[in-house]
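K.L.:
So the sequence shown is numbered by UniProt numbering: it starts at 1 and just counts up by one. Glycine included, each C-beta is placed from N, C-alpha and C at the ideal position. Given the structure is predicted, the values throughout are model-derived calculations rather than measurements. Before I ask anything, let me first share the structure, which is written out below as C-alpha cells.
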Amino acid sequence: MALSRTGVLIVAVALSLSAPGQDNPGVRAVSFERDVLPLLEARCNKCHHAEQQRGGLDLTRRETILRGGDSLGAAVVPGRPDRSPLIGVLTGALEPSMPEDDDPLAAAEVDLLRQWVAEGATDDSTRFPPDDVAFFEREIRPVLVERCFKCHAGEDPEHGLNLASRHGVLAGGARGPAAAPGDPEASLLMEAIRHTGELQMPRGGDPLSAAQIAAFGTWIDRGLPWPSDERVLARERRFSISQADREHWAFRPLPPALPAGWSVDRSLRAHHDRLGIAPASAADRRRLLRRVTYDLIGYPPTPEEIEAFVDDRGPDAYQRVVDRLLASPHYGWWWGRHWLDYTRSGANGQSNRGPAFDAARYEAWVTRCFNEDRPWNWFARAHVAGDLMPGYDGADYSIEQALAAAAPLNGPRTFEEASTETFVLMDKLDEEVEFLGRSLMGISLECARCHDHKFDPVSQRDYYALLGFFQSSWYEPVPVHTSTRRDAAAAVATRRELLAERARLNGYLRTAAQKISIAGGGQIKKWQRSRIAVLAPVDRRLIEIEQQVLRAEQQAAEATGDAKLAADYALAIRDNQTRLARYAPPDFPAGGGAILGKYAHVIGGHKQTRGLLPRALAVGLDDAAGELEEQDRYWKQERARWSERGRFGGHRRTDPEVAELAAAYDRVEAIEDELANDPSRPWLPPKPSHLIVCCEGGLRRAEELPPLDKKAKAAGLRFNSNSPDRVWLHPYFMGDSRLLLRGDVLYPDTVVPRGTPEFLGSMRALPEGSGRLQLAEWLTEPGSQQAALVARTAANRAWQNLFGEALCRTPKDLGRLGDAPEMPELVDGLAKRFAQRGWSVKSLVREIVTSAAYQRSSVADDQAVSRDPENRFFARGPVRRLQYEAIANTMAWHKTGSRPATPALRDAALPAAAEYFVQFDGPSTYELIDRRNASIAATQALFLMNQQAAVRGVAKSLVARLGLGESDDLDSVLAALYTQCYQRLPTEAERASARGFVQRRREQVGAARVREEVQEYAGLLLCSNEAFFVE
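Given below as C-alpha cells:
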C-alpha cells in the first residue's frame, strides 16, 4: 500500500476545503485495539507489517502509522480524516487505490477508520506514564493557557489550529500538524516558538524563555503526553469535590476493624481462588535465608548462618532468624537508605547542596530511628516540625530532629532560573509541599501550584494554604542555643542587625575592589607598554605554537650548556577574546634556538583556573578599567614571575608594583569568598584578615578590619553564645501566603489563610507562630483520612522493599493519577495493622516476611504464570537484582569476611563506591525516588571483570582468606566457593563444568596446583547473574 506523493498532493488541495471530522455523540468511540488493529491485520498487513514494510509503511502499530512511509510521511492526520492519505487511498480518492490485488474495503470498514482518525487516532491500549502527564501539567499546560489559548482555542481557532486538545495539536492548522510526536526538530510548533523561520509565535508579545522552549522540546520528544481527558484544557471548571473523589480507595479512612483472622495470606488466597491459580511451593531454606538477609540488612548470610538455619528444624527457626536480623545494627542502615531516597539525600552520605545541610548527622539519626523502631507517626511529625517538638528521649530539644525538619530541602540547589531571592524562596517552599505530599502522604500536592489539581481533589487554594505553614519559618544555618531558640523576637532582631552589618561590609569590599581595579588599569597599561606585545587571537597562534614546539623538540638534542636562557610563553588573557603574549628579553640571541621547557596558558579567570600557573604571571587585559565583574580577574599571583622549566632552570621576576597589585586583589577576593561560602556564618563578616585599600599614590594595607566588622562580630557573639551545635530552622513569622496566578511569583493574588486540603478536613492554623507543629499533629491524627494516607503509603513502600513491586505501583502517588492497586483491601489491612501496633516499622516488616507469600519459591507452574504474568497477585516469590549498595557490601564481605560493626550510611565505607554507584543505578539526588532503576548494560560486566578493586581483587582475597588455593580437593573447594558466593551447594552439572574449566586452565598455564584456577573460577562466580540477583 505504498502511497504516491503526487496523487496525495493533488487530492489534498481539493480536500482541504472540506470540514474536519466531528465527534458524533451517538456513535460508540472507536477502539484502536478492539476495532482498528484487527481490520488492518486482516486487510493491510500482508504488505505493511514489521517484517515486510512495502513503501516503508508499517500498519501494525499506531506510532508507525503516524510516522508513515518513505515517500510521504504520516499515513493519517489525527483529527482530520479529510487530510489523511490512508483514507484517501482506501476510498480511491488517491492513487494508487488500496488494497492492491484485492477487493476494496467495505463502506462500514472505511467509516470505522475515518471515525478513528476523526477522534484523534488514539491508541487506547497504551497510557502515558504518570510522570510524563505530570510534566505536561507542570511545564506545558500553564504556557498554553497563558500564551496560546487567546488565539488557538475555542470554537473558531485562528488558522484552524486548536491547541486545546492533543488531537488538535496533531491535526494542526493551515500549515499542517503542529507537532510530530518524538521529533521536535520536525515540528512546526518548535520552529514557531524558536523564531527560526518565517512563522514566529507567540505574536504581539515577548518570545518564550529558553527554559520554556526546552520544555516544549522535551514534551514533543516524549510523544506529546496528555491527560486521558482530551478536552480538559478547553474546559473551565469550578473546583468541587465529587463523590468519586471521596470514594477513591486511598482517600477513605481505614476500616474501623480488621476481619477476624485477617492475614496477608488469607487476603491473597481469595484472589488466587478467583483466578484459579495455585501458589508456588515454599522456597528452599538456603534461598529463603539469602532473600530475607539481603532484604533486611543488605548483606548476604554467612556460611555459619546458613548451616545453622539448615540444621535448625524447630517450628520457630525462621521466626528467630527474622528477629535476629531486625535486631542487627545493619537493619537500620539498610532500611534507612530506603527512606533517604525520598529526601533527595546524597548517595555518598552527604548532601548535594554542599555544607548547608548536615547530611551525615541527619542520616545517622535516621539509622538510629529505624534501629530503635521509633513510631512512624512520630517520625513523620519530626519531618514537619521536629525543631518544635520535644526530643524523643525526653530531652528538651534535639538537634537531629531539627535537621529532620530541614530534610525536605536536602537536595541539589539547581534554581538556575531563580534570578531573585523571591524565586529561590518559592522553589524552596514548593519542595516542602512536594515532600509533605509525595514522601509522607503519597499524593501529588505540588501539582496544584499553578492551577487546581486536574485529577485529585486538591485546589490551588489548598496548595497555598499549606505553603503558608512553611513560609512562616525561615531556613538558614544559624547557630542557636536551646534557650535563645525559644525567644523568636530576639532571634529576629539579631538576624536583622547582622544582615545590616553584612550589607555594610559588602559595600566596603566592593569599594575597595573598584579602587584596586582603577589603579590596576594604570599599572596594566604601564606594564603592557614596557613588557608585552600582543600578537594574535589564540585560535591563530595555537598553530604557530605547535610548530614552534615541534621545532624545539627537534633542536633539543643539540642544545648545550652555553645556550642562553629564554622564556617564550607566560600569561593568560581574559575569557572571551583570549590572546597569547610573547615576552622577548633583549638578550635573546638573534636567530638563536629555543630551549624546550614547560609553558602554560590559562583561558579565563574563573576560580577553577587558579593554580594552573603556579609560578607564572596571569594577566587579564580588560580595557574597561574600574569595571569589576566577579568572574574577571586582572591579576593572579601573590609572587608573580616568569618561569621556564626544562633542562635549564631559572626565573625572572616581574615588576614589584605588578606583584603587589596581584597580591592586593587576591586578599580582597579571599575576603569576598569567605563571606559568601562559610556555611556556618551566613551573614557574619570573615575572620580577621587583611584588607587592601587603594589611595592616590599607590597601595597600602589595612591591618585591621573597619569598626563595622567589630560591631558585627559582637552581635554574632551574642547570638552564638554557648552554642556548640547548629540547627537549620528558626521561627521567623512571615504571615499567610498569597495565591500566585499560574504559580508565578510576579503575579501575587489574594491572601490564603494557612490550612489543610479541604477534602481531608480543614484545619486552620492559629494566628500565633508558624503553625507547623499543629500541621504535624494533624498529619497523623488518629482515625483521620490523612493519617490513613500516611499509613497506606508506608505499608505500600514496605511491601515494595520486600517484593520489588508495590501493591500500588506508583508509591509516591496513591491519587487518581496513580496506578490503582489490584488488592486495595490488602493495602488497607497492612496499614490498619501497622497503626494498631503503634506504627512500628519492625512489626510491619515482620508481618510481611513471615507470610507464606514472601517465603514462596520464585518458580511457579505454567497456569499461574499465564493467568498472572506480572505476578500482581504474588502467587510466586520475587526475583530482584541487588541494588548498588548491596553489591558493594557483598564484594566487601567476600574480601574481608566480616560486616562492619557500625555500618556507615550510604556508601561511605564501601569499596570503589563511586564506580558501583554509577554502574549499578545509584539514585538521583535531583528528585524524590520511589523506585530504583535496575538497568542491564555491558559496561557493568566490563567494570566487574576489569576493575582491580572489583572482581579480580575480591576473588584473589576470597581464595586466600578461605585457604582454598592450597587444597587439592576440588570438590571441597567448589562447595566452599558456592556457599560463599551463592549461599548454596553446587549441582553435579556445575561440578563437572568446574572440573573441565580447571583442567583446561592447567593445560594452558601448566600450573601444578589449583591456586590460579580457583581464583579465576571464583571470579566467574562473582560475575554471574546469580551473584547479583535474589530470588
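Going by the DSSP bridge assignment, what does valine 751 pair with across the sheet?
P.N.:
Numbered from 1 along the sequence shown, position 751 holds the residue referred to as residue 751. BP columns for valine 751 point to Arg738.
K.L.:
Alpha carbon to alpha carbon, how far is alanine 210 from leucine 775? Give it in angstroms, no decimals.
P.N.:
Position 775 of the sequence shown, counted from the start, is the residue given in the question as residue 775. Position 210 of the sequence shown, counted from the start, is the residue given in the question as residue 210. One C-alpha to the other measures close to 38 Å.
K.L.:
Please report how far the alpha carbon of valine 264 lies from the alpha carbon of proline 821, in whole angstroms.
P.N.:
Taking the sequence shown and counting its residues from 1, the one referred to as residue 264 is at position 264. Taking the sequence shown and counting its residues from 1, the one referred to as residue 821 is at position 821. Going from the Cα of valine 264 to the Cα of proline 821 covers about 15 Å.
K.L.:
So the candidates are Ala382, Asp373, Pro375 and Trp376; which of them puts its Cα closest to the Cα of tyrosine 362?
P.N.:
Looking up residue 362 in the sequence shown gives position 362. With distances taken between Cα atoms, tyrosine 362 lies closest to Ala382.
K.L.:
Under a three-way DSSP split, which group does phenylalanine 251 fall into?
P.N.:
To locate residue 251, count along the sequence shown from 1; it is residue 251. Phenylalanine 251: coil per DSSP, three-state reduction.
K.L.:
Examine the Cβ distances between the region 891-900 and the region 849-864 and report whether three or more of them are shorter than 8 Å.
P.N.:
Short answer: they don't touch.
K.L.:
Using DSSP with H/G/I as helix, E/B as strand and the rest coil, what is histidine 159?
P.N.:
The residue you call residue 159 lines up with position 159 of the sequence shown. Three-state result, histidine 159: helix.
K.L.:
For valine 117, name the three-state secondary structure that DSSP assigns.
P.N.:
Translated into the one-based positions of the sequence shown, residue 117 becomes position 117. Looking at valine 117 - three-state DSSP - the assignment turns out to be helix.
K.L.:
Just the C-alpha distance for valine 879 and tyrosine 463, rounded to the nearest angstrom, thanks.
P.N.:
Along the sequence shown, one-based indexing puts residue 879 at 879. Along the sequence shown, one-based indexing puts residue 463 at 463. Near 40 Å, if we compare the C-alpha coordinates of tyrosine 463 and valine 879.
K.L.:
Under 8 Å by Cβ, that's how I've got phenylalanine 370 and glycine 336 pegged, so tell me the actual separation to the nearest angstrom.
P.N.:
The residue you call residue 370 lines up with position 370 of the sequence shown. The residue you call residue 336 lines up with position 336 of the sequence shown. Rounded, the Cβ-Cβ distance is 5 Å, consistent with contact.
K.L.:
So what does DSSP say about histidine 272, is it helix, strand or coil?
P.N.:
Within the sequence shown, numbered from 1, the residue matching residue 272 stands at position 272. DSSP places histidine 272 in helix when its eight states are reduced to three.
K.L.:
Just to check, is the beta-carbon of proline 986 closer than 7 Å to a non-hydrogen atom of the ligand ZN?
P.N.:
In the structure on display, the ligand ZN does not appear, and there are no ligands present to speak of.
K.L.:
If you count every other CB in all the chains shown that lies within 10 Å of the CB of valine 973, and 16 or more means buried, which is it?
P.N.:
Position 973 of the sequence shown holds residue 973. So valine 973 counts as buried.
K.L.:
Give me the Cα-Cα distance between alanine 260 and glutamine 800, rounded to the nearest whole angstrom.
P.N.:
Residue 260 sits at position 260 when you count from the first residue of the sequence shown. Residue 800 sits at position 800 when you count from the first residue of the sequence shown. Going from the Cα of alanine 260 to the Cα of glutamine 800 covers about 26 Å.
K.L.:
Helix, strand or coil: how does DSSP classify valine 973 here?
P.N.:
In the sequence shown, the residue the question calls residue 973 occupies position 973. Of the three classes helix, strand and coil, the one that applies to valine 973 here is helix, per DSSP.
K.L.:
Just grab the DSSP bridge partners of glycine 176 for me.
P.N.:
As a position in the sequence shown, residue 176 is number 176, starting the count at 1. Bridge partners of glycine 176: Gly173.
K.L.:
Could you tell me if asparagine 796 is buried or exposed, where buried requires 16 or more neighbouring beta carbons within 10 angstroms of its beta carbon?
P.N.:
Mapped onto the sequence shown, residue 796 falls at position 796. Asparagine 796 is buried by the Cβ-count criterion.
K.L.:
Are at least three pairs of beta-carbons, each pair with one atom in the region 287-302 and one in the region 249-260, less than 8 Å apart?
P.N.:
Contact between the region 287-302 and the region 249-260 is absent, because fewer than three Cβ pairs lie under 8 Å.
K.L.:
Which class does glutamine 1015 belong to by DSSP, given the choice of helix, strand or coil?
P.N.:
The residue given as residue 1015 occupies position 1015 in the sequence shown. Three-state DSSP puts glutamine 1015 in a helix.
K.L.:
DSSP three-state label for arginine 83, please.
P.N.:
Counting from one through the sequence shown, the residue named residue 83 turns up at place 83. In this structure, arginine 83 counts as helix in the three-state DSSP scheme.
K.L.:
Excluding the 5 residues preceding and the 5 following serine 866 in the sequence, name in chain order all residues of the same chain whose CB lies nearer than 8 Å to its CB.
P.N.:
Residue 866 sits at position 866 when you count from the first residue of the sequence shown. Counting only Cβ-Cβ distances below 8 Å, and skipping sequence neighbours, we find nothing.
K.L.:
Quick check: what's the CA-CA separation for methionine 426 versus tryptophan 839?
P.N.:
The count along the sequence shown starts at 1 and reaches residue 426 at position 426. The count along the sequence shown starts at 1 and reaches residue 839 at position 839. Between methionine 426 and tryptophan 839, the C-alpha separation is close to 33 Å.
K.L.:
When we look at the beta-carbon of tyrosine 747 and count the other beta-carbons within 10 Å, is it buried (16 or more) or exposed?
P.N.:
To locate residue 747, count along the sequence shown from 1; it is residue 747. Exposed.
K.L.:
Are alanine 1018 and leucine 970 close, meaning C-beta to C-beta below 8 Å?
P.N.:
The count along the sequence shown starts at 1 and reaches residue 1018 at position 1018. The count along the sequence shown starts at 1 and reaches residue 970 at position 970. No.
K.L.:
Measure the C-alpha to C-alpha separation of leucine 112 and arginine 54 and round it to an integer number of angstroms.
P.N.:
On the sequence shown, position 112 is the one that residue 112 refers to. On the sequence shown, position 54 is the one that residue 54 refers to. One C-alpha to the other measures close to 24 Å.
K.L.:
Indicate whether tryptophan 226 and glutamate 139 have their beta-carbon atoms separated by less than 8 Å.
P.N.:
Mapped onto the sequence shown, residue 226 falls at position 226. Mapped onto the sequence shown, residue 139 falls at position 139. No, these two residues do not count as a Cβ contact at 8 Å.
K.L.:
Taking the alpha helix (DSSP H) that leucine 844 belongs to, which residues open and close that run?
P.N.:
Numbered from its first residue, the sequence shown carries residue 844 at position 844. Start and end: 841-849.
K.L.:
Curious, which full-length alpha helix (DSSP H) runs of at least 4 residues does the region 774-813 contain?
P.N.:
As far as the region 774-813 is concerned, its whole alpha helix (DSSP H) runs of at least 4 residues are 785-803.
K.L.:
With a CB to CB cut of under 7 Å and the five nearest residues on each side skipped, what residues in its chain are close to glutamine 350?
P.N.:
By one-based count along the sequence shown, residue 350 stands at place 350. Low confidence applies here, because glutamine 350 scores a pLDDT of 39, under 50, leaving its location unreliable; read the following figure in that light. Hits under 7 Å: Ala359 and Ala360.
K.L.:
Should residue 1038 and alanine 278 be called a contact, given that it needs their Cβ atoms to be closer than 8 Å?
P.N.:
No answer is possible for residue 1038: it lies beyond the span of the chain, which begins at 1 and ends at 1031.
K.L.:
Alpha carbon to alpha carbon, how far is aspartate 103 from cysteine 148?
P.N.:
Here residue 103 refers to the residue found at position 103 when the sequence shown is read from its first residue. Here residue 148 refers to the residue found at position 148 when the sequence shown is read from its first residue. Whole-angstrom Cα-Cα distance: 46 Å.
K.L.:
Output the boundary residues of the alpha helix (DSSP H) element that contains leucine 288.
P.N.:
The residue given as residue 288 occupies position 288 in the sequence shown. Residues 285-297.
K.L.:
Specify whether the region 808-820 and the region 430-450 touch according to this definition: at least 3 beta carbon pairs, one from each stretch, less than 8 Å apart.
P.N.:
Enough Cβ pairs lie closer than 8 Å, so yes.
K.L.:
Looking at C-beta atoms only, is the number of pairs between the region 58-65 and the region 28-46 that lie closer than 8 Å three or more?
P.N.:
Result yes; three or more Cβ-Cβ pairs closer than 8 Å.
K.L.:
Are threonine 167 and glutamate 158 touching if we call contact CB-CB under 8 Å?
P.N.:
As a position in the sequence shown, residue 167 is number 167, starting the count at 1. As a position in the sequence shown, residue 158 is number 158, starting the count at 1. Note that residue 167 is histidine in the sequence shown here, rather than threonine. No. Outside cutoff.
K.L.:
Would you mind working out which of Ala108, Arg67, Val110 and Ala118 sits nearest arginine 83, comparing C-alpha positions?
P.N.:
Counting from one through the sequence shown, the residue named residue 83 turns up at place 83. Among Ala108, Arg67, Val110 and Ala118, the Cα nearest to that of arginine 83 is on Ala118.
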